[in-house]
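S.K.:
In the working numbering, the protein residues as written are 16 to 149.
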């Protein structure tokens with residue numbers, strides 16, 4: 016069966032102008048993959064959210080190109096980001112709370128984790144800049 020049941024409410028829509036519609040979706044990986052009848056199945060679990068009304072977390076990892084994956088997690092949630100130009104990353108659709116951030120080292124750089132990063136209930140929280148080492 017190839018259908019998706021996604022309930023999008025007006026609250027979830029960030030912008031509707033000139034025929035343009037702007038939506039953000041959280042793809043919940045842990046709820047999307049399951050094992051049944053000796054096979055792995057993918058049934059995407061997508062949760063719409065309004066980027067203008069949800070907190071964000073952003074930061075920077077140095078040197079540029081040293082981190083392949085940023086994992087933001089606490090006891091109830093795990094989110095991922097890929098650093099882009101100059102090592103900047105941003106996590107959207109996050110909920111307020113205290114998180115740890117793991118930077119997966121790449122190209123010979125060691126993994127690093129920072130803890131006790133508090134995400135505010137509104138706006139953008141800036142995480143400390145992290146420098147990875149070989």
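All C-beta atoms, glycine included, are put in the ideal place defined by N, C-alpha and C.
Rounded to the nearest angstrom, how far is the Cβ of residue 109 from that of residue 70, given a contact under 8 Å?
M.R.: The pair is a contact, with the Cβ atoms about 5 Å apart (cut-off 8 Å).
S.K.: Looking at the unbroken beta strand (DSSP E) that takes in residue 75, where does it start and where does it end?
M.R.: Taken as a continuous stretch (DSSP letters only), the beta strand (DSSP E) holding residue 75 covers 71–77.
S.K.: Just grab the DSSP bridge partners of residue 113 for me.
M.R.: Answer by DSSP bridge pairing, in chain order: 133.
S.K.: Less than 7 Å separating the beta-carbons of residue 102 and residue 75?
M.R.: Going by C-beta atoms, residue 102 is nearer than 7 Å to residue 75.
S.K.: How would you call residue 139, buried or exposed, if buried means at least 16 neighbouring beta carbons within 10 angstroms?
M.R.: Exposed, since its Cβ has fewer than 16 Cβ neighbours within 10 Å.
S.K.: Across which residues does DSSP place residue 107 in a beta bridge pair?
M.R.: Answer by DSSP bridge pairing, in chain order: 71.
S.K.: Taking its Cβ as the centre, do 16 or more other Cβ atoms sit within 10 Å of residue 147, making it buried, or is it exposed?
M.R.: With 16 or more Cβ atoms within 10 Å of its Cβ, residue 147 is classed as buried.
S.K.: In chain order, what residues of the same chain have a beta carbon less than 7 Å from the beta carbon of residue 92, not counting five sequence neighbours either side?
M.R.: For residue 92, where only same-chain residues beyond five positions count, the Cβ hits under 7 Å are 110.
S.K.: Report the partner residues of residue 98 according to the DSSP bridge assignment.
M.R.: DSSP output for residue 98 lists no bridge partner at all.
S.K.: Give the DSSP bridge partners of residue 146, in chain order.
M.R.: Its beta-bridge partners are 77.
S.K.: Where does residue 86 sit, in a helix, a strand or coil, going by DSSP?
M.R.: Residue state, collapsed to three classes: strand.
S.K.: Out of 45, 88, 60 and 106, which has the shortest C-alpha to C-alpha gap to residue 72?
M.R.: Closest by alpha carbon: 106.
S.K.: By a C-beta neighbour count over all protein chains shown, 10 Å radius and 16 as the cutoff for buried, is residue 98 buried or exposed?
M.R.: Residue 98 comes out buried.
S.K.: Grouping DSSP H, G and I as helix and E and B as strand, with all else coil, what is residue 125?
M.R.: Coil at residue 125, not helix or strand.
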